[in-house]
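S.K.: Residue numbering for the sequence shown follows UniProt numbering, beginning at 1 and increasing consecutively. Below are the structure tokens for one structure; questions will follow.
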Amino acid sequence: MKNQVSPDILQKWLTAWSLSRELPLPIVFKSGFKVEVGDVKQKERYVFAELNEDFIQLSNTIIEPWIFLKACASPEEIKNHVSEKWTLQPQGYMMACSEPMVFPNRHLDTEYHLEFDSYNSTFVVRILTQNNEEVAIGRVVLVDDIAVYDRIITDSNHRRKGLATIIIRELEKIALSKNSTKNFLVATEEGRQLYQSLGWDVYSLYTSIVIVS
């Protein structure tokens, strides 16, 4: 795990995050980056490659709810430097993989089929039932020399069937076809275990705080 995340990689990842959601691209804010999200439960997000004075000062000036501060740091570090008005969010993990992923020998059941789409620099893979009900989806966004995997989701009624793994495998094929071999993502605790089984490593902790109304 890295002691310090490259601001260049962080900016590329955040650019991919914005492209995937068709949001404004990140702008530089002091030593970090800002995205105008515009959602009721996430108005803006500020992202920093480390916990530093810029992050701490910003946490002291914000009083509005639903503005997220995020840093590649441990929750303990952040909690010790911000006031009690801030609420820690579930732990995130920035992960990286620069080698071909290792997939189990798994095939898509005949009750499902794949569908492919793209927009911006984002490539989408869906798994649908024979009735065209979407049961799993994932995206990979190509930004310069990296591929960012984003929002890989399986419907709760169709889990434990390896659908997420199949989505990731298809997304990797797309990235490799575009000569993109440096893979990044931010995972939840549950997702971290899946990605590690495929050959990913934790690049950094990714911790978020927000004022809840």
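Glycine included, each C-beta is placed from N, C-alpha and C at the ideal position. Nothing here was measured: the structure is a model prediction, and the numbers come from that model.
Would you please state the rounded distance, in angstroms, between the beta carbons of Gly199 and Val140? I believe it to be under 8 angstroms.
M.R.: Along the sequence shown, one-based indexing puts residue 199 at 199. Along the sequence shown, one-based indexing puts residue 140 at 140. At roughly 16 angstroms, the Cβ-Cβ gap does not stay under 8 angstroms, so Gly199 and Val140 are not in contact.
S.K.: Whole angstroms is fine: what's the gap from Arg160's alpha carbon to Asn105's?
M.R.: Position 160 of the sequence shown, counted from the start, is the residue given in the question as residue 160. Position 105 of the sequence shown, counted from the start, is the residue given in the question as residue 105. For Arg160 and Asn105, the distance between alpha carbons rounds to 15 angstroms.
S.K.: Whole-angstrom Cβ separation of Thr181 and Ser74, contact assumed at under 8 angstroms?
M.R.: Here residue 181 refers to the residue found at position 181 when the sequence shown is read from its first residue. Here residue 74 refers to the residue found at position 74 when the sequence shown is read from its first residue. No, Thr181 and Ser74 are not in contact; Cβ-Cβ is about 29 angstroms, not under 8 angstroms.
S.K.: For Glu111, collect the residues of the same chain with a Cβ closer than 8 angstroms to its Cβ; drop the 5 residues on either side in sequence, then sort them by chain order.
M.R.: Counted from its first residue, the sequence shown places residue 111 at position 111. Answer for Glu111: Thr129 and Gln130, listed in chain order.
S.K.: Give the straight-line distance between the Cα atoms of Asp109 and Ala164, rounded to the nearest whole angstrom.
M.R.: Taking the first residue of the sequence shown as 1, we reach residue 109 at position 109. Taking the first residue of the sequence shown as 1, we reach residue 164 at position 164. Spanning the two alpha carbons is a distance of roughly 13 angstroms.
S.K.: Going by the beta-carbon positions, is the gap between Tyr203 and Ala96 smaller than 9 angstroms?
M.R.: By 1-based counting over the sequence shown, the position of residue 203 is 203. By 1-based counting over the sequence shown, the position of residue 96 is 96. Yes, Cβ-Cβ distance for Tyr203 and Ala96 is below 9 angstroms.
S.K.: Taking Glu190 as the reference, give the member of Ser208, Thr154 and Tyr119 with the closest Cα.
M.R.: Taking the sequence shown and counting its residues from 1, one reaches residue 190 at position 190. Nearest option by C-alpha distance: Thr154.
S.K.: Measuring alpha carbon to alpha carbon, tell me which residue in Ile67, Ile63, Leu51 and Gln91 is nearest Asn80.
M.R.: For the purposes of this step, residue 80 is taken as the residue at position 80 of the sequence shown. When each option's Cα is compared against that of Asn80, the closest is Leu51.
S.K.: Measuring alpha carbon to alpha carbon, tell me which residue in Leu142, Val28 and Asn157 is nearest Phe123.
M.R.: Position 123 of the sequence shown holds residue 123. Nearest option by C-alpha distance: Leu142.
S.K.: What does the alpha-carbon distance come out to for the pair Glu77 and Leu58?
M.R.: Within the sequence shown, residue 77 is the residue found at index 77, counting from 1. Within the sequence shown, residue 58 is the residue found at index 58, counting from 1. Distance between the alpha carbons of Glu77 and Leu58: 16 angstroms.
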